[in-house]
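> Okay, handing you the structure first.
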Amino acid sequence: MRILVTGGAGFIGSHYVRSLLLGSYPGYEDVRVTVLDKLTYAGDLANLAAVAGHPGYTFVRGDITDPRLLSEVVPRCDVVVNFAAETHVDRSITGAGDFVTTNVLGTQRLLQAALEAGTRTVVQVSTDEVYGSIARGAWTEDEPLLPNSPYSASKAGADLLCRAYHRTHGLDVRVTRCSNNYGPGQYPEKLIPLFVTTLLDGGRVPLYGDGLNVREWLHVDDHCRGVQLVLDKGSPGEVYNIGGGVELTNRELTGRLLAALGVGWDRVEHVPDRLGHDQRYALDCGKIRRIGYEPLVDFDEGLAAAVRWYRDHRDRWRPGGGAR
Ligand code: NAD
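Set out below in structure tokens:
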């Protein structure tokens, strides 16, 4: 099978590409992977160094909003998995234009190219943030989309375009909506890598508001296995939540990171809350569990390994800004 992975030089996309090419998914031993990535500030070819010499790997630098490029690259593949996006909520608050361009227009152009090429399946990687915020309980895939940030609104727009391309044109598109990912190699602007790298550097970490916002944490390896499962066993036109099942307030998570780094609460700076900050996200994953999904990575072990990765790869960080 030939798989086009857009956004494959980013945090999650690169983990998916490495897993595919290094044999983590049975039945894909002969896979050929083309990564199409614009290499924005968040994309890094170092994330793909482990597969750079693999005979099944091709890298194309380019933009998913470029229809001419898509008309060349998309027909060469059987399947498209779209990770490409502008992803940081704080950046979407200070400037939403790139989010609409890449996340909405880029996804539409990709869907159109897939339709014209006769692509077998498109998997669109989305987010739980499209549902908005939930005080108690957990969202199923049928919940209305009530996004609160320009980032989540742009992802919701992409989700709706996927639905429309399936309903209108019969394109086999499957959407995954995951919770907050963590793991090695994440650009240090989202909460965990920002806090870990700042603490390792001797700085103070910025905790938004009262720190009581709740997030559900998902290891990147579990997320990527979920995406692959949806490709293998999902159904056209369907949406699948992918959660990690570990809910923590940002304050609790900060406490665990301080403990992991052996430092105290004096290293935390309380900063004004993020505009439009969602209080809580929580996913009901019954639908994907019915096709065989189960998160496997223990949170404490996964977090400790991520902290070790940042400690051992100081050359890989760049200064970030803001926190997820
Ligand atoms: P990331 O920011 O680390 O990587 C995004 C990648 O997309 C980068 O390599 C970047 O260069 C590329 N890209 C950006 N614009 C592009 C364009 N116009 N054309 C081609 N490539 C482009 O993101 P991530 O954390 O790996 O997230 C991957 C996907 O998962 C995104 O769609 C995101 O919305 C979704 N998601 C992420 C999380 C999370 O916790 N990280 C949670 C839910 C959903």
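For what it's worth, this note's numbering labels the leading residue of the sequence shown as 9, then goes sequentially. Even glycine gets a Cβ: it sits at the ideal position worked out from N, Cα and C.
How long is the line joining the alpha carbons of Ala-121 and Cys-85, rounded to whole angstroms?
Rounded to the nearest angstrom, the two C-alpha atoms are 11 Å apart.
> Is Glu-94 a contact residue of ligand 1, with contact defined as CB to any heavy atom under 7 Å?
Yes; taking the cut-off as 7 Å, the Cβ of Glu-94 has a heavy atom of ligand 1 nearer than that.
> Can you tell me whether Gln-194 is buried or exposed? The criterion is at least 16 other CB atoms within 10 Å of its CB, across all chains shown.
Classification of Gln-194: buried, given that the 10 Å Cβ count is 16 or more.
> Which residues in the same chain have their Cβ closer than 6 Å to the Cβ of Cys-170, if we skip the five residues on either side of it in sequence?
The residues are Gln-132, Val-181 and Val-183.
> How long is the line joining the alpha carbons of Thr-42 and Thr-66, rounded to whole angstroms?
When rounded, the distance between both Cα atoms is 5 Å.
> Going by alpha carbons, who is nearest to Glu-151 out of Leu-199, Ala-312, Leu-30 and Asn-249?
The shortest Cα separation from Glu-151 among Leu-199, Ala-312, Leu-30 and Asn-249 belongs to Asn-249.
> Touch check for the region 313-321 and the region 276-283: three-plus C-beta pairs under 8 Å?
With a cut-off of 8 Å, the region 276-283 and the region 313-321 do not count as touching, because too few Cβ pairs lie within range.
> Beta-carbon within less than 6 Å of Ser-157's beta-carbon, same chain only, minus the 5 sequence neighbours each way: which residues are those?
Correct list, in chain order: Val-97, Ser-100 and Gly-284.
> Consult DSSP for Arg-182 and reduce its assignment to one of helix, strand or coil.
Strand, per DSSP.
> Taking all protein chains shown into account, do 16 or more other C-beta atoms lie within 10 angstroms of the C-beta of Gln-287, making it buried, or fewer, making it exposed?
Gln-287 should be labelled exposed.
> So, for Ala-207: in the same chain, excluding its five sequence neighbours on each side, which residues have a beta-carbon less than 8 Å away from its beta-carbon?
It is worth fixing the name first, because residue 207 is Leu in this sequence and not Ala. Hits under 8 Å: Val-213, Leu-265, Leu-266, Leu-269, Val-271 and Arg-275.
> What residue range does the beta strand (DSSP E) around Asp-45 cover?
Element bounds for Asp-45: 40-45.
> Compare the C-alpha of Gly-234 against each of Val-112, Tyr-139 and Ser-32 and name the closest.
Nearest C-alpha to Gly-234: Ser-32.
> May I ask whether a heavy atom of ligand 1 can be found less than 7 Å away from the beta carbon of Gly-234?
For ligand 1, not one heavy atom lies less than 7 Å from the Cβ of Gly-234.
> When the Cα atoms are used, what is the spatial distance from Gly-16 to Tyr-24?
Spanning the two alpha carbons is a distance of roughly 8 Å.
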